[in-house]
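Read through the structure below, which is laid out as structure tokens, and then see the notes.
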Amino acid sequence: MTPNKLAVAKLLWTPENVPISESFDDFYYSTDDGLQEAEYVFVHHNKLAQRFSELAEDSKFCIAETGFGTGLNFLSVVKLWLKLAPSQAQLHFFSFEKYPLRVADLQRAQQPHVELADLASELYRHYPVLLPGWHDVWLLDNRIRLTLWFGEALTGLPEIEASRKGTVDAWLLDGFAPAKNPDMWQPALYQQMARLSHAGTTFATFTSAGEVRRGLEKAGFEVKKAVGYGKKREMCFGQLSQLRPFSLKAPWFSRPEPREKGSAIVVGAGLAGASVANKLALAGWKVTVLEAGSQPSQQASGNLAGAIHPLVTADWNLRSQWYLQGFEATLRTLLPWLENDEIEGDLTGLLQLTVTEVGAKRVSEALERVGLPEEFAELLSREQASDRAGGPVGEAGLFFPKGGWVNPPSVVRRCLQHPDIDVKYGQEVTELTHNDSGWQVLTTENASYQADCVVVASGALNAELNRFLGLPIRPVKGQVSHLNENQQAWSLRCAVTHEGYSAPCGSGCAVTGATFEAPDMSSTLSTQSHQLNLDQVEKALPGWVKGSSEAVGGRVAFRPTTPDHLPIVGPVADPQWLEQAYLSQSQTHAVYRYPPQRYLPGLFVSNGHGPRGLMSVFLAAESIVADLQGDALRQPLSLYHASHPARFAIRKWRSGKG
Numbered sequence: 002m003t004p005n006k007l008a009v010a011k012l013l014w015t016p017e018n019v020p021i022s023e024s025f026d027d028f029y030y031s032t033d034d035g036l037q038e039a040e041y042v043f044v045h046h047n048k049l050a051q052r053f054s055e056l057a058e059d060s061k062f063c064i065a066e067t068g069f070g071t072g073l074n075f076l077s078v079v080k081l082w083l084k085l086a087p088s089q090a091q092l093h094f095f096s097f098e099k100y101p102l103r104v105a106d107l108q109r110a111q112q113p114h115v116e117l118a119d120l121a122s123e124l125y126r127h128y129p130v131l132l133p134g135w136h137d138v139w140l141l142d143n144r145i146r147l148t149l150w151f152g153e154a155l156t157g158l159p160e161i162e163a164s165r166k167g168t169v170d171a172w173l174l175d176g177f178a179p180a181k182n183p184d185m186w187q188p189a190l191y192q193q194m195a196r197l198s199h200a201g202t203t204f205a206t207f208t209s210a211g212e213v214r215r216g217l218e219k220a221g222f223e224v225k226k227a228v229g230y231g232k233k234r235e236m237c238f239g240q241l242s243q244l245r246p247f248s249l250k251a252p253w254f255s256r257p258e259p260r261e262k263g264s265a266i267v268v269g270a271g272l273a274g275a276s277v278a279n280k281l282a283l284a285g286w287k288v289t290v291l292e293a294g295s296q297p298s299q300q301a302s303g304n305l306a307g308a309i310h311p312l313v314t315a316d317w318n319l320r321s322q323w324y325l326q327g328f329e330a331t332l333r334t335l336l337p338w339l340e341n342d343e344i345e346g347d348l349t350g351l352l353q354l355t356v357t358e359v360g361a362k363r364v365s366e367a368l369e370r371v372g373l374p375e376e377f378a379e380l381l382s383r384e385q386a387s388d389r390a391g392g393p394v395g396e397a398g399l400f401f402p403k404g405g406w407v408n409p410p411s412v413v414r415r416c417l418q419h420p421d422i423d424v425k426y427g428q429e430v431t432e433l434t435h436n437d438s439g440w441q442v443l444t445t446e447n448a449s450y451q452a453d454c455v456v457v458a459s460g461a462l463n464a465e466l467n468r469f470l471g472l473p474i475r476p477v478k479g480q481v482s483h484l485n486e487n488q489q490a491w492s493l494r495c496a497v498t499h500e501g502y503s504a505p506c507g508s509g510c511a512v513t514g515a516t517f518e519a520p521d522m523s524s525t526l527s528t529q530s531h532q533l534n535l536d537q538v539e540k541a542l543p544g545w546v547k548g549s550s551e552a553v554g555g556r557v558a559f560r561p562t563t564p565d566h567l568p569i570v571g572p573v574a575d576p577q578w579l580e581q582a583y584l585s586q587s588q589t590h591a592v593y594r595y596p597p598q599r600y601l602p603g604l605f606v607s608n609g610h611g612p613r614g615l616m617s618v619f620l621a622a623e624s625i626v627a628d629l630q631g632d633a634l635r636q637p638l639s640l641y642h643a644s645h646p647a648r649f650a651i652r653k654w655r656s657g658k659g
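Counting with the numbering used here, you get residues 2 to 659 for the letters of the sequence shown.
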């Protein structure tokens, strides 16, 4: 799925600061009182006050809205939630917006509503970058999850998975009037509403248009009329009255059965394993981490610096979307740690130089076709880029204001600093078996560990374990070069990516690299590899390196890579079931004839993160925890499927090559 270029809202304003959409020639909310309209139409007619008050602790409530607009409905609902809902309950608010507002316009629109000022400020601080697709915003110590879909609602709605905890409890239908926004008020909207609803799901909308009422009724909703707000004569509200079956579009990627919180084993204490262990512990699991080495961060997770930045492609493809979400998840985790000096690094900017003709073309097309906003990526001339870097650069580039570098070992250490995480070193896993008591894990030290679930995040070098799991992981050797202060002509002001990357790493030192040396499996540092790094950086940062290949230090590590350059994240399919239900069957049947996937209970994997691990491991960890607990997905379905462990076998079968 490649989304269309995002169009930002163009507004006109009344003297009372009520915004009007130029695209739809309609008001965003009532000129009488927008807040009272939101409370009357959506809060009152969905009975939200009563429902919030009756929630149990630890429960989740999901609201979906068509038309985020100024955020007024959202803020009104959050205010009520904080007043009435239990402190441990979580509100998940989905909202779809084809023409999102800039922060400055949000602020202007909210000025009349002083009672929402504090909540509005919290929203502005976390408001996502204006790029198409799915964005998760976590507010107020994670009591509120706001998932914004920027783009067509009818494109975004099919991307929501209708899981047990992901179904919608209440709908706020607040797109512009059907006569002015006919593209949204379509039968497909009502069908998606029915797919994502349960027997108690309600809806409310300001409109009483006949086609809307009939469309909702046809989809299975009971529709009632009420007096409208202000100048509107009537409105509609109601409840789903008829549940209808909906078949999965990709049953081979269906989600696993959720499990009760308990004990977990994580195999591997690199970035992938440590991030999963941390998210599991924060969710209430007791975690044992088994690491084959004598300390954490054995492979690429042990490098002195790693670059953090989104992936820009010309067409904003699945990889770009996946890594944008990964980038956002990484920032959610790391920025508070940086602010508290709990990890080492700097996330105040990264410069990506367009050192190749292909790279320059990709950036040019992305700016034209995707429309990268300046707060996300700023195009710099060679002179401007030199100023950002602190010395002369070879080419122009993109500057990512929220990118930068971190010290991966410090991130791993921080992840593992949780009282419910116990790390065991020198424990190379040799066998995984499942019985009625859960998983038994054996190691080379003749030790045995038992847990309810296992997450394998052991990277590329445990080939036997990767074969057992059916993971097409290939180790790729990478050597980085370390530069002391005297080996640099100037100090880098920020991390720089080129054909490789160069970054400061504290105490005046820097790191540059890394080589890609497959299938070389030697762990010995080589002068030849250092020279490759120095030749590479000389094109990008001419004159920066003063040291020779014989004089610089360095480090060798092995990255786990995959054939499609995306990580492998999620539940492990039962191989016998996979063969029986899909691979041995014709691939041409109608999709509904195939049963849902069956998994080895409680077995998950986070691997194949390659050179972009810092932009993927935290999203992977969040996704695994959501799968374990049956929570709403952390990604749209297309991206969840794109990194699913069974995807390689399924693709081969579906193409007729199985």
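Every residue gets a Cβ at the ideal spot worked out from N, C-alpha and C, and that includes glycine.
Compute the distance between the beta-carbons of Leu120 and Leu49, then report whether it is under 8 Å.
Indexing the sequence shown from 1 puts residue 120 at position 119. Indexing the sequence shown from 1 puts residue 49 at position 48. No; because the gap between Cβ atoms is not below 8 Å, this pair is not in contact.
Contact between the stretch 186-206 and the stretch 106-126 is defined here as three or more beta-carbon pairs at a separation below 8 Å; is this criterion met?
no
Is it true that the CB of Val538 sits closer than 8 Å to the CB of Trp545?
Here residue 545 corresponds to residue number 544 of the sequence shown, with the count starting at 1. Here residue 538 corresponds to residue number 537 of the sequence shown, with the count starting at 1. Going by C-beta atoms, Trp545 is nearer than 8 Å to Val538.
Is the stretch 174-182 touching the stretch 64-78 in the sense that three or more CB pairs, one from each, lie closer than 8 Å?
yes
When the Cα atoms are used, what is the spatial distance from Glu58 to Ala275?
As a position in the sequence shown, residue 58 is number 57, starting the count at 1. As a position in the sequence shown, residue 275 is number 274, starting the count at 1. Looking at the two C-alpha atoms, the distance is approximately 29 Å.
Is Val290 closer than 8 Å to Leu417 when the C-beta atoms are compared?
For the purposes of this step, residue 417 is identified with residue 416 of the sequence shown, where counting begins at 1. For the purposes of this step, residue 290 is identified with residue 289 of the sequence shown, where counting begins at 1. Going by C-beta atoms, Leu417 is nearer than 8 Å to Val290.
Throw me the rounded Cβ distance for the Ser209 and Tyr100 pair, which I believe falls under 8 Å.
Working through the sequence shown from its first residue, we reach residue 209 at position 208. Working through the sequence shown from its first residue, we reach residue 100 at position 99. Ser209 to Tyr100, Cβ: 24 Å. No contact.
Endpoints, the alpha helix (DSSP H) within which Tyr641 is located
In the sequence shown, the residue the question calls residue 641 occupies position 640. Taken as a continuous stretch (DSSP letters only), the alpha helix (DSSP H) holding Tyr641 covers 638-643.
Coarse secondary structure for Ile422, derived from DSSP in three states
Taking the sequence shown and counting its residues from 1, one reaches residue 422 at position 421. In the structure shown, Ile422 sits in a strand (DSSP, three-state: E or B).
By the three-class DSSP mapping on this structure, what secondary structure does Pro505 have?
Taking the first residue of the sequence shown as position 1, residue 505 is located at position 504. Strand.
Give the straight-line distance between the Cα atoms of Asn485 and Gly509, rounded to the nearest whole angstrom.
Mapped onto the sequence shown, residue 485 falls at position 484. Mapped onto the sequence shown, residue 509 falls at position 508. In a straight line, the C-alpha of Asn485 is about 7 Å away from that of Gly509.
By DSSP, does His45 sit in helix, in strand, or in coil?
As a working note, residue 45 is residue 44 in the sequence shown. It is helical.
Across the stretch 294-310 and the stretch 445-455, are there enough close Cβ pairs to call them in contact, namely three or more that are closer than 8 Å?
no
Which residue's Cα is closest to the Cα of Trp578: Thr516, Glu518, Ile651, Val592?
Numbered from 1 along the sequence shown, position 577 holds the residue referred to as residue 578. When only C-alpha atoms are compared, the closest one is Ile651.
Is it the case that the stretch 324-341 contacts the stretch 421-430, given that we only count it when at least three CB pairs across the two stretches are under 8 Å?
no
Whole-angstrom C-beta distance between Ser607 and Ala622, which should lie under 8 Å
Here residue 622 is taken as the residue at index 621 of the sequence shown, counted from 1. Here residue 607 is taken as the residue at index 606 of the sequence shown, counted from 1. Between Ser607 and Ala622 the Cβ distance is about 7 Å, and since that is below 8 Å, they are a contact.
Using only the alpha-carbon positions, how far apart do Glu376 and Arg320 sit?
The count along the sequence shown starts at 1 and reaches residue 376 at position 375. The count along the sequence shown starts at 1 and reaches residue 320 at position 319. Looking at the two C-alpha atoms, the distance is approximately 21 Å.
What is the DSSP secondary structure of His435, reduced to helix, strand or coil?
Numbered from 1 along the sequence shown, position 434 holds the residue referred to as residue 435. Here His435 sits in strand by DSSP.
For Val288 and Tyr641, I'd like the C-alpha separation in whole angstroms.
In the sequence shown, counting from the first residue as 1, residue 288 sits at position 287. In the sequence shown, counting from the first residue as 1, residue 641 sits at position 640. So the two alpha carbons sit approximately 25 Å from each other.
Nearest candidate by alpha-carbon position, reference Gln353, set Phe151, Asp184, Pro252, Cys495:
If you number the sequence shown from 1, residue 353 lands on position 352. The shortest C-alpha separation from Gln353 is found at Cys495.
Alpha carbon to alpha carbon, how far is Glu38 from Gln193?
For the purposes of this step, residue 38 is taken as residue 37 along the sequence shown, with counting starting at 1. For the purposes of this step, residue 193 is taken as residue 192 along the sequence shown, with counting starting at 1. Computed Cα separation, rounded: 26 Å.
Return the CA-CA distance between Pro505 and Leu567, expressed in angstroms with no decimal places.
Reading the sequence shown from its first residue, position 504 is the one you call residue 505. Reading the sequence shown from its first residue, position 566 is the one you call residue 567. Approximately 27 Å between the Cα atoms of the pair.
For the alpha helix (DSSP H) containing Ile651, name the first residue and the last one.
Residue mapping note: residue 651 aligns to position 650 of the sequence shown, counting from 1. Its alpha helix (DSSP H) spans residues 648-655.
Considering only the beta carbon of each residue, do Arg383 and Ala367 sit closer than 8 Å?
As a first step, residue 383 is located in the sequence shown; it is residue number 382 there, counting from the start. As a first step, residue 367 is located in the sequence shown; it is residue number 366 there, counting from the start. For Arg383 and Ala367, no; Cβs fall outside 8 Å.
Assuming Phe62 contacts Leu83 (C-beta within less than 8 Å), just tell me the rounded distance between them.
The sequence position of residue 62 within the sequence shown is 61, counting from 1. The sequence position of residue 83 within the sequence shown is 82, counting from 1. With 8 Å as the limit, Phe62 and Leu83 do not qualify as a contact, their Cβ atoms being about 13 Å apart.
Taking 7 Å as the cut-off, does the CB of Tyr29 come closer than this to any heavy atom belonging to the ligand ADP?
For the ligand ADP, the structure offers nothing, since it holds no ligand at all.
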